[in-house]
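Residues in the sequence shown are numbered consecutively from 150, following our numbering.
For glycine and all other residues, C-beta sits at the position ideal for the given N, C-alpha and C.
Data block below; observations after.
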Amino acid sequence: MATEYTVRNLEYLITKVENRETYWKELGLNIDYLIEVKFKDLNIYFEADIRKLKKSHLLEVSEFLLINTGITKTDDVEKVLEAAISVDMKTLYLLIREFTLRKKKTIQEYVKYKGTKIDHTTEIALIWALYNETPAHLFEIVTYHHWRNRSTNKLYTFSEKQNINNVLKIAQNDKLSNELCTALYKESNHENEYKIFSYAKFGETVIFQLYKKVNDKTVPDFVSPIRNREVKSVMFSIDNDKNYAEIRDYTKKEKDVVIDFLSKMFKCTLSEVKKIPFVNYQSEYLRETLLGVNHKEFPIGELLISAMTFNRSKLPKSPLLHFELEDSDVMEAVYHANQNGIVNLEDLKDIKSFKLRTAETSRLIRAVPLDSGDVVFSLDDGNLEPKTKKVLEEKFEERFSIPLNQPISNLNFNGDMEEKVDYLLGLSKETFLDSKTAKKLDELIRHKIIKKSKDKTFYCPVCGEDYDQAITECEECEVDIKCRSNISFQVNKDKAINYFENKISGFLASQWTELKKREITILDEKYKLLAINNEETCEEVRFLITDKQLPLSAIKKINRIVIPTVIVYIGSNKAILERYNDNCVMTKNYGYFYTLEDKESFTEYMDSVEEEFLNRRKQLSAKSGLEALKSLQQIADDKGYTDKDFEYDVFAVINDITHNCVQWGAKYSGKILPEGAFTLGYKINNEIGKFAYTYDCKLTGKDKGYGLDISEHRKASQYIRNMRDSDFLSDYLNNSLEISTHLIISNNVDIKKISSMNNHLKLDGIKSRVKLVSVEAFSRIYELYLLNYPAIASKPNHFKKTLNTLINKDKEELLVEDVEKEFKRLLKEGLMEQPSLDMEELTNEMLAATDINELQIKG
150 MATEYTVRNL EYLITKVENR ETYWKELGLN IDYLIEVKFK DLNIYFEADI RKLKKSHLLE
210 VSEFLLINTG ITKTDDVEKV LEAAISVDMK TLYLLIREFT LRKKKTIQEY VKYKGTKIDH
270 TTEIALIWAL YNETPAHLFE IVTYHHWRNR STNKLYTFSE KQNINNVLKI AQNDKLSNEL
330 CTALYKESNH ENEYKIFSYA KFGETVIFQL YKKVNDKTVP DFVSPIRNRE VKSVMFSIDN
390 DKNYAEIRDY TKKEKDVVID FLSKMFKCTL SEVKKIPFVN YQSEYLRETL LGVNHKEFPI
450 GELLISAMTF NRSKLPKSPL LHFELEDSDV MEAVYHANQN GIVNLEDLKD IKSFKLRTAE
510 TSRLIRAVPL DSGDVVFSLD DGNLEPKTKK VLEEKFEERF SIPLNQPISN LNFNGDMEEK
570 VDYLLGLSKE TFLDSKTAKK LDELIRHKII KKSKDKTFYC PVCGEDYDQA ITECEECEVD
630 IKCRSNISFQ VNKDKAINYF ENKISGFLAS QWTELKKREI TILDEKYKLL AINNEETCEE
690 VRFLITDKQL PLSAIKKINR IVIPTVIVYI GSNKAILERY NDNCVMTKNY GYFYTLEDKE
750 SFTEYMDSVE EEFLNRRKQL SAKSGLEALK SLQQIADDKG YTDKDFEYDV FAVINDITHN
810 CVQWGAKYSG KILPEGAFTL GYKINNEIGK FAYTYDCKLT GKDKGYGLDI SEHRKASQYI
870 RNMRDSDFLS DYLNNSLEIS THLIISNNVD IKKISSMNNH LKLDGIKSRV KLVSVEAFSR
930 IYELYLLNYP AIASKPNHFK KTLNTLINKD KEELLVEDVE KEFKRLLKEG LMEQPSLDME
990 ELTNEMLAAT DINELQIKG
């Protein structure tokens, strides 16, 4: 959000009486406390502080303190205290002294990098000299102080070299600074306001510090409540000599906004500087070293691994495991944990972090997994001197034989190549790759799964404007345009699906056989499905291969189909894979199947998929049925609703109610089969009922209703005859010759058409009849089932009998009022099959008994 605000460096080029107090507050000093405490007894605090100074320090400071007293600089404390130093000068000394606290290294480094000609060594004298030059220096020091206390981060290189004056415009030009802050404000969903607080310039390098308002509330104070507008920093630097930008202390969205802003402002591209993965190590040796097997004895204080955290362990439910000792090395403990089967290292990503300790410092090292599957052991080097950092890096590499802050190839550990494949499938442009990964990329290109293309872009080297090839000179700058070549990659989805199909076809064996191709339309887009059947259980598992994230509406539709579906994402990441792994949907990365090598592994995977869906079956049918009900209730409003959607929704509801049903229409399209069939069996006392029904779904948008013509009559007649010929069904129905009813479930059918169909069946000598079930009546059955589930669950046989009664009534249409009437009777308490205990009453009695026992114990 744009606000009228001047960057502090520019606001305080000089200080005046009216802004002096605000100036020190902006620098972070507790000026109110100083005014209330130290400045009230200024002479006492001044004398006490002067007497603490070393002679060499006092000599430098006295040059500033005695400037208007006629006395030359001295290291004699008494001379300084006897001199006629003004109140303002004493106050300024105490303020500068306060400012230098905890900033000694920062001040020394600032003066060194700034290249000033100030001839002082004491921090107070250095700051005083800089303050006399311009008070704005102190804001540069604060900026640099915050910057050096943040860990180094990713670097981004500019495609074109920048001009330092243009870089400074980010802070000095109100329009540009407002543009950046407004973009950040919008990306935060208008929750956080931003402003460029200050900057620091060192030669061709500029560091920018932005303030982000994260809180705005009234908080208690010792005197009176105050308004606290809490801020955090977002920082970035631009180094013109090295031609790169670095961002520290940011969220991912903030980083993206800053990169986008810099790209547009300088009319160029910024590319992340990536280091080539480190591969020059022996995987087994590294594994053993990280597990404490090759335990090296380092002198105490030189390098201790004082803590180590694993992302997973061999304990039940695989919890995160943390080892830590205050003054000892934990690697021996890690070794024993490994020997006892508690921790292992199958993958570098199994490590979460280390904590290193030397005589000088204690530092955290995080194991950061990359999309490529590699791992960076990242050192938190905030406020760490370069010399100490170098020692840590050298000692770490000496101990573990791998470097810090460089990607470590994970290829030599188990199962990483599949992640490499997914990473490569997600690449859009050329980047650094290790030799093994580069070979895998060449293989994917050879299989035509990845298409490689070389693009040329033409641009002006001065203004950065892009041009068509036909233009040879920039119209504005009058200089020759330049050409830039880019290698880009794109996934060939069809080839990826064909490769998947051919590979899986070669693995079909044992009970997993018969690969069939199907198709599904989701939001007007057609998706190919590959279906595999389990010959032993007759279960079908479908695979949907996609190169983009499916919207939630598509996932809901797949769930309503009630057929186990594995969505295989090409070029996936963990966030996508884990997002929709629920109900009828499982997710898997394409790289897993690409790197799969044998039938046994594939069979094992398919068995695990089937087992997982069996475990989900109960919640699967309930969730799918509920989603289907919502869809059925909105048929009239959903213009994109299709007859296939209707079939899937009807089956989802029947599946949840009956648990003994089959869907034929979608699976055996073109065969003379109804949409599906289901049974409703019950036993009440000595009464046994076994009924089987077939059904068809008829959806229409026509006002006159669905046209049940003579061809539909003949199909219904054929369905029933086919069912009558089934000995298997006849045995279930106690040798009854036919099913009792064929249901027509529809949103609009003229009842006269049903009568004509029943007459046709009679003429064919068929005793079974056709019955119309409107969408409203069908949905109402399921609504009442869900609303009264606890009661219905206690009388399952009466519920099945009620449904049979509704279907077999001597009427050609099942009406909503029929449903209401039969369910009202069903829900009477007298039909209870499985009596339940009143848990509320039981709770009251138990609480009463507990009170009595407590009294007895106290007595």
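Item: 8 angstroms Cβ cutoff met for residue 212 and residue 222; Value: yes
Item: Inter-residue spacing [alpha-carbon to alpha-carbon] between residue 262 and residue 279; Value: 14 angstroms
Item: Of the residues 634, 866, 876 and 926, the one placed nearest residue 821, counting alpha carbons only; Value: 866
Item: Range of the contiguous beta strand (DSSP E) that encloses residue 427; Value: Segment: none, residue 427 is in no beta strand (DSSP E) and carries neither H nor E.
Item: Environment of residue 506 [buried if 16+ CB atoms lie within 10 Å]; Value: buried
Item: When 809, 488, 740 and 919 are compared against residue 863, the one with the closest alpha-carbon; Value: 919
Item: Residue ranges of each alpha helix (DSSP H) within the segment 438-518, 4 or longer; Value: 480-488
Item: Residue environment, residue 629, which counts as buried when at least 16 other CB atoms sit within 10 Å; Value: exposed
Item: Span separating the alpha-carbon of residue 160 from that of residue 349; Value: 14 angstroms
Item: Unbroken alpha helix (DSSP H) run spanning residue 562, endpoints; Value: Neither: residue 562 is in no alpha helix (DSSP H) and is coded neither H nor E.
Item: Simplified DSSP state of residue 1008, which is helix, strand or coil; Value: Note that residue 1008 scores 47 on pLDDT, short of 50, meaning its location in the model is unreliable; the coordinates nonetheless yield the value given after this. The answer is coil: DSSP assigns residue 1008 none of H, G, I, E or B.
Item: Alpha-carbon spacing of residue 708 relative to residue 804, whole angstroms; Value: 13 angstroms
Item: 8 angstroms contact criterion, which residue 309 and residue 417 should meet: CB distance rounded; Value: 4 angstroms
Item: Of the residues 712, 481, 414 and 246, the one placed nearest residue 317, counting alpha carbons only; Value: 414
Item: Best match in 403, 422 and 847 for proximity to residue 384 [C-alpha to C-alpha]; Value: 403
Item: Own chain, CB closer than 8 angstroms to residue 298, minus 5 neighbours either side, in chain order; Value: 531 and 532
Item: CB of residue 428 within 8 angstroms of CB of residue 459, strictly; Value: no
Item: Separation of residue 666 from residue 816, as counted between CA atoms; Value: 10 angstroms
Item: Same chain, Cβ closer than 6 angstroms to residue 997, five either side skipped, listed in chain order; Value: none
Item: Inter-residue CB distance, residue 823 and residue 868 (contact presumed, cutoff 8 angstroms); Value: 5 angstroms
Item: Outcome for residue 590 when other beta-carbon atoms lying within 10 angstroms are tallied against a minimum of 16; Value: buried
Item: 8 angstroms contact criterion, which residue 963 and residue 926 should meet: CB distance rounded; Value: 5 angstroms
Item: Inter-residue Cα distance where the pair is residue 495 and residue 656; Value: 26 angstroms
Item: Closest by C-alpha distance to residue 231, when choosing among 504, 196, 547 and 455; Value: 196
Item: Per-residue DSSP class, three states only, for residue 216; Value: coil
Item: Inter-stretch contact at 8 angstroms, needing at least 3 Cβ pairs: the segment 633-653 / the segment 685-700; Value: yes
Item: Alpha-carbon spacing of residue 972 relative to residue 520, whole angstroms; Value: 56 angstroms
Item: Segment contact flag, the segment 703-719 with the segment 729-737, C-beta cutoff 8 angstroms, min 3 pairs; Value: yes
Item: Beta-carbon proximity check, residue 1009 vs residue 894, cutoff 8 angstroms; Value: The first residue shown for the chain is 150 and the last is 1008, placing residue 1009 beyond what the model contains.
Item: Local Cβ density within 10 Å of residue 832, reported as buried at 16 or more and exposed below that; Value: exposed
Item: Local conformation of residue 712 per DSSP, three classes; Value: coil
Item: Anticipated Cβ contact below 8 angstroms, residue 944 with residue 982, distance rounded; Value: 5 angstroms
Item: Coil, strand or helix - residue 556 by DSSP; Value: strand
Item: Best match in 351, 359, 312 and 353 for proximity to residue 332 [C-alpha to C-alpha]; Value: 359
Item: Contact under 8 angstroms by Cβ, residue 185 with residue 157; Value: no
Item: Sub-8 angstroms separation of residue 915 and residue 961 beta-carbons; Value: no
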